[in-house]
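Colleague: Chains as they are written, first to last, in my numbering: chain A, 1 to 324; chain B, 1 to 316; chain C, 1 to 497.
We treat Cβ as the ideally placed atom computed from N, Cα and C, and that holds for glycine.
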Amino acid sequence: MSTVAQKTIRPHHLMSRDMMQAFYRLLAVALLCAVLTTFSDVFLTMNNILNVLRQTALLFLMASGLTLVILTAGLDLSIGANVALSACLAASVIKLTGSPLLGVATGIGCGALIGLANGILVTALRIPSFIATYGMMWMLTGVTYYYMAGETIHGFPASFRHLGSGYLFGVPMPVYVMVLFLLIGGLFAQRTTWGQQIYAIGANPVAARLSGVPVERRLVLVYAMSGAMAGLASLIILARINSAQGDIGEDLTLPAVAAVLVGGTSLFGGSGTVAGTLIGALILTLVLNGMNLLQINSSWQPLVTGVIVLLAVWIDTRTRRIGE
Amino acid sequence: MSTQATSLTAPLLSRVPGVAIVLILLSAIFGVLSPGFTTPANVANILTQSTILLLLALPMTVIIMTEGLDLSIGAVLTFSSIVLAVTVIATGSPTLAFLAALAVGLGFGLGNGVLVAVFDIPPFITTLGTLGIAQGLSLLVTDGQSVVGIPSSIEHIYSGTVAGIPLPVGIAALAYLATHGLLYHTRFGTYVFALGGNREALRVAGISVRGMLIRVYAFGGLMAGFAALLMTARLNSAHPTAGIGMEFDAIAAAAVGGTSFERGNGWLFGTLLGVIAVGVLRNGLNLLAVPSSTQVACIGAMVIVALFIDGLRSER
Amino acid sequence: MADVPLFELRGISKEFPGVKALDDVSFEIRAGEVHMLVGENGAGKSTLMKILCGAYRADRGSFFSSGEPVTIRDAGDARQFGIAVIFQDFTLVPYLDIAQNIFLGREFPARLPGFIDRRRIYAEAERVLDMIGFHIDPREPVHSLGVAQQQMVEIAKALSQDARILVMDEPTAALSDRETELLFAMIARLKAKGVAIIYISHRLSEVFALGERITVLRDGRKIADLLPAETTPDQLVTLMVGRPVDTTYTRPSRPAPGEVVLEVKNLSGPSGISDVNLTVRSGEIVGLCGLVGSGRTEVARAIFGADRVTSGEIRLFGEPMAESIEASTRRGMALIPENRKTQGLALARSVGDNIVLAGLRKMFPSGIFVPRRALKAARSMIDKLRIASPTPRRPVGTLSGGNQQKVVIGKWLNADAKFFIFDEPTRGIDVGAKSEIFRLLDGLVHNGAAVLMISSEQIEIVHICDRAYVMRSGRIAGELAHHELTEANIVRLGIHQ
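(1) Check whether chain B comes within 9 Å of A192(C), counting only Cβ atoms and requiring the distance to be less than that.
(2) Pick helix, strand or coil for F63(C), following the three-state DSSP scheme.
(3) Could you tell me the distance, in whole angstroms, from the CA atom of I184(A) to the CA atom of L485(C)?
(4) Using C-beta distances below 7 Å, list every residue in its chain close to F79(B), excluding the 5 sequence neighbours before and after it, in chain order.
(5) I'd like to check one pair, R340(C) with P395(C): are the Cβ atoms closer than 9 Å?
(6) Give me the chain C residues within the contact set of G212(A), using Cβ-Cβ distance strictly less than 8 Å, ordered along the chain.
(7) Figure out for me which residue from M168(C), S13(C) and H202(C) has the closest Cα to the Cα of E154(C).
(8) Step through the CB atoms of chain A and report whether any lies within less than 9 Å of the CB of F108(B).
(9) Sorted by chain position, which residues of the same chain lie with C-beta nearer than 7 Å to V83(B)'s C-beta, five sequence neighbours on each side aside?
(10) Out of R234(B), F119(B), T186(B) and A97(B), point me to the one whose CA is closest to I157(B)'s CA.
(11) At least one CB of chain B closer than 9 Å to the CB of R373(C): is that the case?
(12) When you compare only the Cα positions, how much space is there between V195(C) and E124(C)?
(13) For a contact meaning CB atoms closer than 7 Å, what does I46(B) contact in chain A?
(14) Does the Cβ of N266(C) have 16 or more other Cβ atoms within 10 Å, making it buried, or fewer, making it exposed?
(15) Could you give the distance in angstroms between the alpha-carbon of P151(B) and the alpha-carbon of I89(B)?
(16) Taking 9 Å as the threshold (beta carbon to beta carbon), is V304(A) in contact with chain B?
(17) Could you list the residues in the region 17-28 of chain B with a C-beta less than 7 Å from some C-beta on chain C, going in chain order?
(18) If you draw a straight line from the C-alpha of S456(C) to the C-alpha of I273(C), how long is it?
(19) What residues in the region 173-186 of chain A bring their beta carbon closer than 7 Å to a beta carbon of chain C?
(20) Using a Cβ cut-off of 9 Å (strictly closer), state whether P291(B) contacts chain A.
(21) DSSP state of Y176(A), grouped into three classes?
(22) What number of angstroms, rounded off, separates the C-alpha of P244(C) from the C-alpha of A201(B)?
(23) CA-CA distance, V296(B) and I24(B)?
(24) Which residues of chain B have a Cβ atom closer than 9 Å to the Cβ of F115(C), listed in chain order?
(25) CA-CA distance, S355(A) and F419(C)?
(26) Taking all protein chains shown into account, decide if T95(B) is buried (16 or more other Cβ within 10 angstroms of its Cβ) or exposed.
(27) Pairing CB atoms from the region 69-78 of chain B with CB atoms from the region 180-198 of chain B, are three or more of them under 8 Å?
(28) List the residues of chain B whose Cβ lies closer than 7 Å to the Cβ of L59(A), in chain order.
(29) So, G231(A) versus G107(A), is the Cβ gap smaller than 9 Å?
(30) Can a CB atom of chain A be found closer than 9 Å to the CB of G136(B)?
(31) Buried or exposed: which applies to Y145(A), given that a residue is buried once 16 or more other Cβ atoms fall within 10 Å of its Cβ?
(32) Determine the direct distance from the alpha carbon of Q458(C) to that of D246(C), and round the result to whole angstroms.
(33) For F160(A), I'd like the list of residues in its chain whose CB is within less than 7 Å of its CB, leaving aside the five on either flank, ordered along the chain.
(34) Quick check on DSSP: helix, strand or coil for A224(C)?
(35) Are there 16 or more other CB atoms within 10 angstroms of the CB of F438(C), so buried, or fewer, so exposed?
(36) Along chain B, in chain order, which residues have C-beta atoms closer than 8 Å to that of T317(A)?
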């Protein structure tokens, strides 16, 4: 058996594969930019570029937490619904207290609690993560609609809105948040012992457990982080559109899943990077933004995202099979 | 008949409590809370409203028994319904429209099956992707608007009666009997148990696992096509968000009914009870004026309660 | 006609990378005969049977069915000659009933296409069940049956396919005495109907009670083909173990062992172990042997905190242990599991990642992971254990079995473990790498560590260990001091007499 494995996986081949994958992704970004520049006059305008960056930032924030979950071979389908509930609760708190700070705490706290609940469902009750978080998605949607009862909360203090629509040195604020969490996420995954354990859990949960890794606790942490990132993303949306409704963020889950998978994180766990997810989010945003610019009906968006997800997983399955 | 009796009663004795207790509890609660609940008209209403869900929950049970999942079934139902509506308006032929809806459902089902069986993509991600595709197509064809102006011949399918029985109830009963026959009396059904219970046994017996999986998902799509007929008739229109989330109710009904996600342990009659439980819950909450979206959270809670009761029983 | 065997294998050889599993083995089976196949773990019994049923293809050798030369290329061919195997892990579908399982894939068609003639299936099932004297309703779902009954269903399934040669691989391993009696009665009935039975067993009592002929395999060779009347249990044991002494490794002499490191008292658990007592001192290697399935791995897992225990006490350095792997590893315990691919390593990750995994907490107490330091630690471990990997960045799945095993050991050395449990440390490793692993073990105890070593290779236990415990049916059957430590003694204690 071992000799077979020896023949099929060549180390230099594998190492270059990582680099090749990053290269292909950047090539895709360049190609997309080239195509969009050619076919749209608007693409290369400052306004649009800032817009793309803002959208990328938002998608990345959701997808970065999800990356950690997928690294453990799990999935979190509740992040879109999490955004909705977190945004609505945060909006209420800001309206009620007038304090943006309390609102931020509420949004992130609510998101983290939802993630914690997911983590408990997955570890203590041993429900497969895609079922648990899918059920959670619908339950959250229900709670949000009940809470909002069709109302809209709008009009927040300027200091809070700055978080979503403000600029610093001509760069939108969400981009700074994105860079901050790219650093935090990257450092957490690559430069902490917990991050290393998360990779190990995804690659082989049995071996990780037998090596003394507290698998359950790390999993709960990862789902809580994914929830907290959704909560953070909800604040950015809230600050940007200056109003909260029950259906906010509803259609962001599938693009976030797509961004993680396009970014090279394997659905089967153990390999991928937060930085890759940034490229994935950029690619997804360019595709969706490009479709807008080319005046393609927005109804194409879920369809295209669905196809991208399937293609990404198919490529992932194939490379794994070759790897084995 | 005796054979059927044993295959039904054995699981009946061990499992009814979970879903039956939930049903009895729900009926009691709503009977007390809202006086209109126990009227014959309302009971008939519950049954009629449960028919569409049953058409989805039956194949969902079969799919879950193979350790799979179909998240796309609600979106496929929606798109089939839209195709049906558009076709009947364009051609004036209900038959042609119905066939078109079936073809759309079957096509998506086959697609799911091929992606799962041949491309080896996990079922939940496959059907999450095709969910997006079906949803996108629905929006594209309708531009986000309702499709109205459907001939009344279609509407009659939902509102009509045969020998005093509402037509949709009759259709659902037929679908239930057909699925029962399929699952318990055909080779296909036997292999469904084996797909979830022991794929190696199937391989050793020389049966194509891939071929069987494709058929299972195709069955799901086809049933979504049937359900599209009832849904279009019920709404007398087609709407791009009409069936979204129906997969949740279908999964919940199967789970409440005692179908597990492991080892091919499924029970069709339990799913029937589960569908009625979901119907009772939704109807009762409607009578109490609880908004539809919030009912979902209650369904989730009901699933947890039923699983908890079953868990208690099996530990004893 | 009595001299023409029903089926015959001649000169079968089979090689796996690095191992000669079968070397020129001939084997014949006659109608109505119970032919016992005995030998130690790894003697080649399973490989021979897998070749017979078409799961493996022989490198050399020929087959004869009733004297006619034939070929067996796959399971279908074997079935054609009436060969059926009942393996330990059944091919049954839990939520189908007995009849449906017996005829899975061969359902009788009803008039409607695709439908099953249920009446006929149940009637036929009843007929087959009756034939083997198994009185049960064929409508009973299989998941509600006990192991023994499931085995009966497997046998019925084989016979319904007109099997004339039935291979049973340790069929009584999971059966109670009463169930065993039923099985033997059934075997007698099958024999009377002319079915030939190849019976693999470790229980000498069975070999003599049932067998009409005994074939002994050892190290992939056929050692003897005898009649029960010609031999005694003691002679049989000698035949099974009497191989030339392996001279590839001789252990250096060790100083007297030090303090007690591990002490296990009256340990019982739901995994089937009961009343296990053992001690391991620093500076000694203690063997834990017995047949596969005798509870060795379960004891190891219970000590390590991986499985629940119901009663008993585990003390490490005199302190009682909590039932958790985390606590065990924190206190310096290490487990080198029996399957390094599924339990020991994250194959897709690098050598370095795997080496530092268990020691992360010790190396980086602040929680900040410093890749440079991790790489340095991995490199020094690669040098120390002479792991054949040019760089710690190489995926561990690309290494050979021996080097992978060294990575697992390195993982625990890096975590400063003081007590090591080795579960089959040399499985699937070639001879050269084996002696390197042994040298490593010696090095460990030389530096004061304590080692508990599980192995199915008695010769390894004899050569490496200072003393050994022998397990049988979840219990410690006996302890062998160094001067008593011989292969024959291990086999005698471990086998059901």
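Modeller: The answer reads as follows:
(1) Taking 9 Å as the threshold, the shortest C-beta distance from A192(C) to chain B does not fall below it.
(2) Strand.
(3) Rounded to the nearest angstrom, the gap between the Cα atoms of I184(A) and L485(C) is 58 Å.
(4) V104, A134, L137 and S138
(5) The Cβ atoms of P395(C) and R340(C) do not sit closer than 9 Å to each other.
(6) I325, E326, S328, T329, R330, A358, R361 and A415
(7) M168(C)
(8) no
(9) Counting only Cβ-Cβ distances below 7 Å, and skipping sequence neighbours, we find A100, A101 and V104.
(10) R234(B)
(11) R373(C) does not count as touching chain B.
(12) 19 Å
(13) By Cβ distance, chain A contributes nothing, its closest Cβ being about 20 Å from I46(B), past 7 Å.
(14) Burial call: exposed.
(15) 8 Å
(16) yes
(17) none
(18) Taking the straight line joining both Cα atoms gives about 18 Å.
(19) none
(20) yes
(21) helix
(22) With a pLDDT of 47 at P244(C), under the threshold of 50, the modelled position of this residue cannot be trusted, and the question is left open.
(23) 20 Å
(24) G181, H185, T186 and R187
(25) Examination of residue 355(A) is not possible in this model, given that chain A is present from 1 through 324 alone.
(26) exposed
(27) no
(28) Correct list: empty, because the minimum Cβ distance to chain B is about 15 Å.
(29) yes
(30) Taking a beta-carbon distance threshold of 9 Å, G136(B) counts as an interface residue toward chain A.
(31) buried
(32) A caution first: D246(C) carries a pLDDT of 47, below 50, which makes its placement in the model too unreliable to give a value.
(33) I94, P100, G103 and A239
(34) For A224(C), the three-state secondary structure derived from DSSP is strand.
(35) buried
(36) F119, D120 and I121
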